[in-house]
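Below you'll find the structure, written out as structure tokens, and then a few comments.
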Amino acid sequence: MLEQLKKMFTGNEAELPVNTGSRPDISREKSAALYEKSKTYFPGGVNSPVRAFKSVYGTPLFIQKGDGCFIWDADGNQFIDFCASWGPLILGHNNAKIREKVVEVMQNGMSFGAPTALENELAELIIKNNRFVEKIRFTSSGTEAVMSAIRLARGYTGKDKIIKFEGCYHGHSDSLLVKAGSGLVTFGETSSAGVPKSFAEETIVIPLNDKNAITQAFEQFKDQVAAVIIEGIPANNGLLMQDEEYVKFLSET
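In structure tokens, the structure reads:
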């Protein structure tokens with residue numbers, strides 16, 4: 002059992018059994034059939050790697066509907082949704098007031114590729130309720146937001162290196178598909194095929210909540226660091242809460 006657990010946490014997938022779901026009260030036949038069909042259209046059968054269930058060695062559930070904190074899959078199984086569409090559904094699925102407002106606004110059209118008054122209203126609301134935000138820019142994905150922030154930091158500082166932390170996910174841009182090297186403070190190593198080694202060399206990966214590591218990184222790469230990026234609550238790392246004192250230390254370093 003211990004050896005199997007070690008393999009699970011070291012990513013040795015070739016030696017792990019594939020869990021297709023063995024509970025007798027949960028059918029996965031329709032989801033499995035939809036998954037097989039989707040693989041003929043999409044690489045890996047999904048439009049985002051995390052949806053493939055690969056890290057938990059299962060078959061993706063194809064969701065049919067959601068209501069409140071619940072979702073139902075194509076086989077009719079009901080689940081409590083702890084994912085919330087990876088964050089945005091803070092009011093739950095299919096909230097009646099939101100649904101009605103969306104339908105109302107859509108009477109004027111769905112997309113214009115040009116500024117609208119509603120953008121101003123939303124931006125004002127966000128800035129008013131976030132004291133650390135002075136201005137914002139809307140993007141289509143978190144990956145694009147992070148790419149833009151890093152480009153801005155590099156352009157403003159004239160420096161190239163980025164510091165990130167083990168276990169934190171910031172999208173699938175080349176600079177951030179990087180894992181820690183073998184030392185305390187090292188250049189990162191690519192964690193995905195297709196990412197040039199030269200990209201990884203501009204990213205420094207260090208342990209979380211380690212003041213010595215961040216101090217050493219700044220000493221080792223003095224005048225080379227454009228930005229430090231951290232995930233406040235790393236969703237891919239067991240929802241690990243950051244130490245408040247450490248986050249304050251980072252902002253003052």
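Under the working numbering, the first residue of the sequence shown carries the number 2, and numbering increases by one thereafter.
All C-beta atoms in this analysis are idealised placements derived from N, C-alpha and C, irrespective of residue type, glycine included.
In chain order, what residues of the same chain have a beta carbon less than 8 Å from the beta carbon of residue i, not counting five sequence neighbours either side?
i: Asp161; result: Arg155, Glu203, Gln225, Ala227
i: Gly143; result: His171, Gly172
i: Ser174; result: Thr144, Val147, Met148, Ile151
i: Glu120; result: Phe139
Using only the alpha-carbon positions, how far apart do residue i and residue j sit?
i: Pro208; j: Gln108; result: 50 Å
i: Trp87; j: Ala214; result: 30 Å
i: Ser112; j: Gly159; result: 36 Å
i: Ala124; j: Glu30; result: 44 Å
i: Glu135; j: Ile128; result: 6 Å
i: Leu90; j: Asn131; result: 19 Å
i: Leu126; j: Val103; result: 17 Å
i: Pro116; j: Met148; result: 22 Å
i: Ile137; j: Ala118; result: 15 Å
i: Leu241; j: Asp82; result: 19 Å
i: Asp76; j: Tyr157; result: 52 Å
i: Ala194; j: Glu101; result: 44 Å
i: Pro44; j: Ala53; result: 10 Å
i: Gly22; j: Ile99; result: For Gly22, the pLDDT reaches just 49, beneath the cut-off of 50, and the residue's location in the model is therefore unreliable, leaving the point undetermined.
i: Phe133; j: Ala34; result: 47 Å
i: Phe139; j: Ala97; result: 25 Å
i: Glu122; j: Lys55; result: 40 Å
Taking 7 Å as the threshold (C-beta atoms), are residue j and residue i in contact?
i: Gly93; j: Gly69; result: yes
i: Gly67; j: Asn48; result: no
i: Ile1; j: Val106; result: Residue coverage of the chain in this structure runs from 2 to 254, which leaves residue 1 outside it and unanswerable.
i: Val179; j: Ala146; result: no
i: Lys212; j: Phe250; result: yes
i: Tyr36; j: Thr60; result: yes
Who are the near neighbours of residue i in its chain, counting only those whose CB is closer than 7 Å to its CB and skipping five residues on each side?
i: Asp74; result: Ser32, Leu62, Phe63, Ile64, Gln65
i: Ile27; result: Asn78
i: Ser176; result: Ile151, Ile163, Phe200, Glu203, Thr204
i: Phe219; result: Val226, Thr254
i: Val51; result: none
Mind checking which residues open and close the alpha helix (DSSP H) that includes residue i?
i: Gly156; result: 143-158
i: Val106; result: 97-107
i: Lys31; result: 30-39
i: Ala201; result: 198-201
Output needed for residue i: all residues of its chain with C-beta closer than 6 Å, excluding positions within five of it in sequence on either side, in chain order.
i: Asn210; result: Asp244, Tyr247
i: Ser39; result: Gly46
i: Phe80; result: Ile72
i: Pro197; result: none
i: Ala85; result: none
How would you write the range of the beta strand (DSSP E) that residue i sits in, first residue to last?
i: Phe71; result: 71-74
i: Ile164; result: 162-166
i: Gln217; result: From DSSP, Gln217 is part of no beta strand (DSSP E) but of the alpha helix (DSSP H) over 212-221.
i: Lys66; result: 64-68
i: Phe80; result: 79-81
i: Ile207; result: 204-207
With distances taken Cα to Cα, identify the nearest neighbour of residue i among the options.
i: Ile151; options: Glu30, Phe250, Ile231; result: Ile231
i: Glu167; options: Ser149, Gly77, Glu220, Val206; result: Val206
i: Cys169; options: Pro50, Lys98, Ala236, Ala53; result: Ala236
i: Gly233; options: Thr216, Gln221, Ser252, Ala218; result: Ser252
i: Ser141; options: Arg52, Lys198, Gly114, Asp76; result: Gly114
i: Thr254; options: Met242, Leu241, Gln217; result: Gln217
Is any non-hydrogen atom of the ligand MG found closer than 6 Å to the C-beta of residue i, if you look at the structure I gave you?
i: Gly195; result: Within the structure as shown, the ligand MG is missing, as the structure has no ligands at all.
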